[in-house]
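Have a look at the structure below before the remarks.
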Amino acid sequence: MRDKHARNALENAIEQMRRQQAEPGAIEGAAGRVWAKLTDAVEAGASPDQVDPGRPAPAYAPAEPATEVLRGCSDFQNLVPAYLSGQLASSRRLLFEDHIAVCVHCRKQLAAARALTGPGAMDEIARRKQQRISQQNNRRAGLSGRRIPKWAIAAVIVLGVGLTQLSTLRNIIWPREVHAMVRTVDGTLFQIAGQTTRSVRVGDNIAKRETIRTAKDSGALIQIQDGSQIEMRERSELSLDSASDGTTIRLHRGSVIVHAAPQRTGHLYLSSGDCMVSVTGTLFSVNRGTKGSRVSVIEGEVQVSQGSKRTLLHPGDQLSTHPSVERVPVEHEIAWSRQVDAHLVLLHALSAAGKEWNRVEGSALRYRSKLLDLCPEDTVVYAAFPNFSEALGKAYEVFQQHINQSEVLREWWQSPSRHSIGKSELEEMITRIRVFGSFLGDEIVLAIERDSQGEFQAPLLFAELRRPAEFAAALQTEMGRLAASRGVSLPLRVVTDRRELETLSKHAALSGGRREGRARDELLIFAGQDFVVTSPSSESLRKALVRHDNPQASGFRKSDFHSRLASAYSDGVAWLFAADLRSLLKEHTSADARLASREPHRKDADTDFLRQIGVADMQQLIIEQKTVSGRSENRAVLSFNQSRQGIAGWLAEPAPMGTLDFVSPDSPLIASFVLKQPVAIVDEIISLVQKSDPKAWHDILEFQSQHGVDIRSDFAAPLGGEFLFALDGPILPSPSWKLVVEVYDPAKLQKTLEWAVTEANRVAAAEGHPAGLSLTREDLGSRAFYKLSCSDSPLEAHYLFWDGYLVAAPSRALLLQTIQYRESGYTIARSPQFRSLLPVDGQINCSALLYHNLVPLAGSVASLLSPGGAGLNSDQAKSLRDLAAQMKPVLICAYGEKDRLVVAGGGDLGLNLSSFAGIESLRRLLPGQNR
Amino acid sequence: MQAATEKAARIPVDSCAEIRVTDSEAPVPKGALNGAGVSSFVENLYIEHHDLIFRTAFRITGSAMDAEDVLHTVFLRLLRKAPDLEFLAPPRADGRPQVTRAYLHRAAVNAALDVLRKRHRTTDLESLQSVLEDTQPGQENRQHSLELSDWLRSALGRLSPKAAEIFVLRFVEGYSNAEISRMLGASRSVVAVILFRIRGRLKKEIELFLGGTS
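Residue numbers (my numbering), protein chains in the order written: chain A, 5 to 935; chain B, 357 to 570.
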């Protein structure tokens, strides 16, 4: 009965539903509106997420009619800053969060933005996400089940290591041993491992990766092999591990104060999970708890890395890894230590000294130079560097003052373990540099002259002199002292008298013209009234003296090179190297004059060739390095005497690079450039070939007529000016390269490519080979994909024309991904990390750029290397990950201005002190050098 | 063991060919409407079938506004798929695009069911639940406020997508079991079994809904 009732009710419900009829008027009205919306969506090329009427439809309920419409991923990405700062209206916020939940690219952008602005924990999240994504990419590439060829791993490792640290390679091959001993235990110290807990006594050794923990109300002092000491607070847990160039203390939880012994070459690291501290010899404390970690510095300099962020801390400084962990006075942080008093005094003394030291350091930019006028007329190379002895001396003075004021500091300074070189030696060295530096002016200049015969003269070294009489005397005394103490007499001769110099010069002239006999073996130092100049040649010194007496008459003042240098000074100079290429090249041609007189046409051809390739127009090369507002700038300028021509003229003036839109922020290597006119370049090459090798030109013409092709109009004419090559995606088993070329006439270029393949096959067939190359077209909807493959090689290339570019990659999946990057705006040009590397200057675009960031690459390789797999053990894999963490991305930009080429680099150009340290540790491996 | 049985029971439904246009992140390709061929093709489809889609959606959702959304969604998804429109078979010799019509009809049913499911998620679940599960007497007042068709809509929103689709195609849109089995690529017996199960479940639910007022 009940069943029947239910059945009837269900039938009724269905019937009600079926009978529901829409009114014809309503249908037509709705149809019109929907069609209009569809047309809009298509015209905007919008991602349909936000016009999808699944969510509140904007057309019916225009909640925010005044605000702009969100049309695609890029619009959502523009909201990221507002979202992070909490300024987004609640409705927008809802939309944003909804979109972020479904869109991977936008989520990544959000994570990246967070990593840049937010606390370190976010860095970690972003890094892990990136790692996971690269893992997924690799898995997608079919790597998971396959054994990776060892050579491939080796190649990647060598590539990475070669660019940064050799010591890591050493550590991968021969893992470092770690020894530590318990010095004191106050209370109980446990060694824990899984189910066993063992109490550790004074004098016990602690092996690598053994976890030790202090009980409540206990403390312990651990000493590591290099002499560093770790003081552990109660309820603290740590283990020791080897690092690429030293030892790593892994702090699992609790507080420690680390007194790092001076490291000869490597570093001592402390890892607290959310940050990595690296030091070379300091006193610092780390407190790791539930909310995060806090690093406080008592003495020395400490570098803290959180993800990609690096911070340098000085005495009294503190850093916490999470915003919920607030700063506390360093005194409080170390109050538990048994040596708290000593630490405290040291802390105060050093943080005060450090602040003054910072004020002293850094050499100021120089805006004028008297020394410039002293250079010989035919100076071709000019180098200027600051006299940093004064800064060094001042710093040392400040430091000594503090040492004298503070007993603790004095004790610390005089402790024998402090210095690897003897303390007295250091003091003596600094004193001597300071003494001699104090006689000199702000700047030291080196000039090399090339005379009219094309011969290089001995270099001249100039400096202004502040106290000439004392300088000469000090120099004499020093020489005497050295001769007495070491038994060596320096080949130096100090001349203070002008007549003496003239006599020497005359003698030199008599004793064999330009060859200066005895004088050649001796370095002459002339100390004048206000300047000092050094050279092996007495004649050069004499001439410099003449120029000094009458600077207006100096021929150098009239030269272009001089005026270029003067303009460099007007912008401020710290370190500068300049070469007058025009004179160098002129000398080159006149040095061939003898040859040229015999073969005049040949000489003409040579000059023509140089002019053609644009070398003849080169004027000066100036390389500068200076620090402006805390940022180091490297800059090289190559200038020309007219607008750039020949090869030098190929690079276009700075222009927007649309090619960068096809590359994801994870790309490890990018080379991109903009050319002026591909056709003009071909024209230039043709005319070059025509002139230099008429026969080759004839061959080319014959080739063109034989195959019915015109290189100029068929290959070059369809091209735009932008080119890009990048690695982007998994690197194993085959690298995911991509090539992006701007194309103005895709149809023509495609025809040319098809022709090229046919011709290649025809030629091969004529020579009896089977047709090897094949170019096939596959249409996927409206997209036409082309595949170029070769029958005897597994390699193939896919390409398609998209938005005015030819995009080529080794697989179609990669092509689709590349296009998606462009559509979603998930590109390198928008990546905060990339942008932070761009050099600071007036340019908004650049003509060429080279970027490398091996961090994700090494990270993905490291993540592939499971312990035991691929022949690497866990230590080695870890070393590789360490290596990845230590790498820094590099970006070099070039600007093709009208009459000069400028190359500028942000960041340090891949060279840092630790890379030298790496070489040092390799050296120690040599037999007999070990420890 | 139990998992295996469950899986076996699910196989027939899952093996139905997935014809629904899946959501992709891909934006509407530029020129999807301007490109030769596609433009007129989609436009013709729209002119010919918007009426069918709207009416179907209206029947299922019971709201003109939702029906308009469904119409929009169906064509937006179609445009997203524009490059791959080959999957829509060309019209037959007699000029009637039979397959296309069935495809769009199904797309409309599915999009409309999506709306029901979303509505089910967003309605005040608590009140609805109390309406559906409260078997205490004194139901009549509430019962009157909720039309039977509205109840059916919310019930469909709670069914699995595939089951709801089959049910609507069969009982609301009037396709035969054979036609449905052809459309979904499933055997007729599977369709019949699914329909039987759904009816059984809905009957139980309506019983609870009516709360023994008989």
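Each residue gets a CB set at the ideal place from its N, CA and C atoms; glycine is no exception. Note that the structure is predicted; figures quoted are calculated from it, not measured.
Check	Outcome
Report the three-state DSSP secondary structure of residue 392 (chain A) (helix, strand or coil).	coil
Check the Cβ of residue 423 (chain B) against every Cβ in chain A and list those closer than 9 Å, keeping chain order.	26, 30, 31, 34
Whose Cβ in chain A lies nearer than 8 Å to the Cβ of residue 503 (chain B)?	20
Would you please verify whether the beta carbon of residue 457 (chain B) is less than 8 Å from any beta carbon of chain A?	no
What is the residue span of the alpha helix (DSSP H) that residue 566 (chain B) lies within?	544-566
Residue range of the alpha helix (DSSP H) that residue 425 (chain B) falls in?	420-436
Since residue 283 (chain A) and residue 264 (chain A) should fall inside the 8 Å C-beta cutoff, what is the C-beta to C-beta distance between them, to a whole number of angstroms?	5 Å
Does the separation of the CB atoms of residue 304 (chain A) and residue 320 (chain A) fall below 8 Å?	no
Mind reading off the beta-carbon distance from residue 678 (chain A) to residue 725 (chain A)? Whole number of angstroms is fine, and I expect it under 8 Å.	5 Å
Taking the beta strand (DSSP E) that residue 200 (chain A) belongs to, which residues open and close that run?	200-203
For the putative contact between residue 819 (chain A) and residue 804 (chain A), defined by C-beta atoms under 8 Å, what is the C-beta separation to the nearest angstrom?	6 Å
Residue 817 (chain A): which of A:834, A:790, A:807, A:836 sits nearest, CA to CA?	A:790
To the nearest angstrom, report how far apart residue 560 (chain B) and residue 807 (chain A) are at their CA atoms.	58 Å
Hey, would you say residue 536 (chain B) sits closer than 8 Å to residue 554 (chain B), going by beta carbons?	no
Per the contact definition of three or more C-beta pairs closer than 8 Å, is the region 443-454 of chain A in contact with the region 504-515 of chain A?	no
In this structure, does DSSP put residue 404 (chain B) in helix, strand or coil?	helix
Report the residue from A:254, A:186, A:239, A:621 whose alpha carbon sits nearest the alpha carbon of residue 231 (chain A).	A:186
Tell me the DSSP secondary structure of residue 435 (chain A) in three-state form.	helix
Grab me the residues of residue 405 (chain B)'s own chain with a C-beta within less than 7 Å of its C-beta, minus the 5 sequence neighbours each way, in chain order.	457, 460
Would you mind stating whether residue 246 (chain A) and residue 260 (chain A) have Cβ atoms separated by less than 8 Å?	no
Identify, in the order they occur along the chain, each residue of the same chain with its Cβ nearer than 8 Å to the Cβ of residue 936 (chain A), setting aside the five sequence neighbours on each side.	Given that chain A is displayed from residue 5 to residue 935, the structure contains no residue 936 (chain A) and the question cannot be resolved.
Could you say if the region 772-791 of chain A and the region 704-711 of chain A meet the contact criterion of at least three C-beta pairs nearer than 8 Å?	no
So what does DSSP say about residue 206 (chain A), is it helix, strand or coil?	coil
Exposed or buried, what is residue 291 (chain A) when buried is set at 16 or more other beta-carbons lying within 10 Å of its beta-carbon?	buried
Could you tell me whether the region 210-225 of chain A touches the region 188-196 of chain A, where touching means 3 or more Cβ pairs closer than 8 Å?	yes
For residue 823 (chain A), count neighbouring C-beta atoms within 10 Å of its own C-beta (all shown protein chains included) and say buried if the count is 16 or more, exposed if not.	buried
Ignoring anything shorter than 3 residues, give me the beta strand (DSSP E) runs that lie fully in the region 522-600 of chain A, in order along the chain.	527-531, 535-539, 579-584
Does any C-beta atom of chain B lie closer than 8 Å to the C-beta of residue 41 (chain A)?	yes
With burial defined as no fewer than 16 other Cβ atoms inside 10 Å of the residue's Cβ, what is the status of residue 567 (chain A): buried or exposed?	exposed
Within the chosen definition, does the region 381-395 of chain A reach the region 472-479 of chain A through at least 3 CB pairs nearer than 8 Å?	no
Would the beta-carbon of residue 255 (chain A) fall within 8 Å of that of residue 276 (chain A)?	yes
Determine, using beta carbons only, whether residue 414 (chain B) comes closer than 8 Å to chain A.	yes
Of all the options A:899, A:830, A:257, which has the alpha carbon lying nearest to the alpha carbon of residue 844 (chain A)?	A:899
Under 7 Å Cβ-Cβ, which residues of chain A neighbour residue 406 (chain B)?	35
Show which residues of chain A have a CB atom less than 7 Å away from the CB atom of residue 527 (chain B).	18
Report the rounded CA-to-CA distance for residue 672 (chain A) versus residue 93 (chain A), giving the unit in angstroms.	37 Å
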